[in-house]
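Student: Heads up: the sequence shown runs through residues 1 to 167, numbered per full-length UniProt numbering.
Even glycine gets a Cβ: it sits at the ideal position worked out from N, Cα and C.
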Amino acid sequence: MINDPKSAQFISWTDLGTSFVVSNVGEFSRSILGSHFKHNNFSSFVRQLNMYGFHKINRTPRAQRTTTDAQTWEFSHHKFLRGRPDLLDEIKRKALEPDLGVKQRVELPGEVAAQLQLMREENGRRERELKEVRRRCERLGGVVNVLWEAVAKAVPGGGEWLFSLCG
1 MINDPKSAQF ISWTDLGTSF VVSNVGEFSR SILGSHFKHN NFSSFVRQLN
51 MYGFHKINRT PRAQRTTTDA QTWEFSHHKF LRGRPDLLDE IKRKALEPDL
101 GVKQRVELPG EVAAQLQLMR EENGRREREL KEVRRRCERL GGVVNVLWEA
151 VAKAVPGGGE WLFSLCG
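1. Could you check where the beta strand (DSSP E) with F42 kicks off and where it finishes?
2. Could you compute how far the alpha carbon of N40 sits from the alpha carbon of K131?
3. Would DSSP call H78 helix, strand or coil?
4. Less than 8 Å between the CB atoms is what I'm expecting for G53 and I91, so what's the real figure, rounded?
5. By Cβ distance below 7 Å, which residues in the same chain neighbour S19 in space, the five residues on each side in sequence not counted?
6. For V143, count neighbouring C-beta atoms within 10 Å of its own C-beta (all shown protein chains included) and say buried if the count is 16 or more, exposed if not.
7. Taking the C-alpha atoms as reference points, what is the distance between R126 and E111?
8. Let me confirm a value: F37 is counted as buried when at least 16 other C-beta atoms fall within 10 Å, else exposed. Which label applies?
9. Measure the C-alpha to C-alpha separation of K56 and G141 and round it to an integer number of angstroms.
10. Going by DSSP, what residues sit across from V21 in a beta bridge?
11. DSSP three-state call for H36: helix, strand or coil?
12. According to DSSP, simplified to helix, strand and coil, what is K94?
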């Protein structure tokens with residue numbers, strides 16, 4: 001597909017030949033995908049590339065991502081290189097079942113990671129505040145107990161009348 005002259009306006013190698021670019025995603029999906037796959041869904045195409053270890057880079061700035069027709073995407077794989085068909089056999093589909101013994105790390109977009117860090121810091125502050133409030137409550141509970149004992153000793157009848165008013 002990438003070397004087919006009919007597809008050249010939609011898919012091509014980068015200058016270095018280490019990745020390829022899909023331009024005009026909407027038209028690429030309508031015109032090219034259906035002739036090479038059982039679907040013409042660009043998202044499915046991207047998922048398939050990811051399953052084989054390709055990485056995607058959306059080259060369209062966020063502000064311009066309103067239509068799929070205007071988007072340009074770049075995909076790369078360290079063994080998918082222009083002029084190196086001998087490496088194609090080494091591109092294997094990733095295992096479907098992840099190794100549960102290995103924690104998987106998810107890389108978040110920068111702004112999401114920054115928001116998450118701020119939330120973690122705020123959560124830490126709230127936990128420290130909560131511990132301080134609990135400590136104060138325990139101290140106040142002790143003071144109340146001392147006061148009850150003092151009232152019980154000082155008031156005739158052991159302060160039972162006061163307890164009936166408050167209880």
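Tutor: Taking the definition as stated:
1. Position 42 of the sequence shown, counting from 1, holds the residue named residue 42. In the DSSP assignment, F42 falls outside any beta strand (DSSP E) and within the unbroken alpha helix (DSSP H) covering F42 to M51.
2. Residue numbering aside, residue 40 sits at position 40 when the sequence shown is read from its first letter. Residue numbering aside, residue 131 sits at position 131 when the sequence shown is read from its first letter. Rounded to whole angstroms, N40 to K131 spans 56 Å at the Cα level.
3. Counting from 1 along the sequence shown, the entry for residue 78 is found at position 78. Reduced to three states, the DSSP call for H78 is coil.
4. Translated into positions along the sequence shown, residue 53 becomes position 53. Translated into positions along the sequence shown, residue 91 becomes position 91. Right, the Cβ-Cβ distance comes to about 7 Å (below 8 Å), so this counts as a contact.
5. Mapped onto the sequence shown, residue 19 falls at position 19. Residues of the same chain with a CB within less than 7 Å of the CB of S19, apart from the 5 flanking positions on each side, are E74, F75 and S76 in chain order.
6. Walking along the sequence shown from the start, residue 143 turns up at place 143. The residue is exposed, with fewer than 16 neighbouring Cβ atoms inside 10 Å.
7. Residue 126 sits at position 126 when you count from the first residue of the sequence shown. Residue 111 sits at position 111 when you count from the first residue of the sequence shown. Cα to Cα, R126 sits roughly 23 Å from E111.
8. The residue given as residue 37 occupies position 37 in the sequence shown. Exposed, because fewer than 16 other Cβ atoms sit within 10 Å of the Cβ of F37.
9. By one-based count along the sequence shown, residue 56 stands at place 56. By one-based count along the sequence shown, residue 141 stands at place 141. Going by C-alpha positions, K56 is about 60 Å away from G141.
10. Taking the sequence shown and counting its residues from 1, the one referred to as residue 21 is at position 21. According to DSSP, V21 bridges with S12 and E74.
11. Reading the sequence shown from its first residue, position 36 is the one you call residue 36. Three-state result, H36: helix.
12. Taking the sequence shown and counting its residues from 1, the one referred to as residue 94 is at position 94. Coil at K94, not helix or strand.
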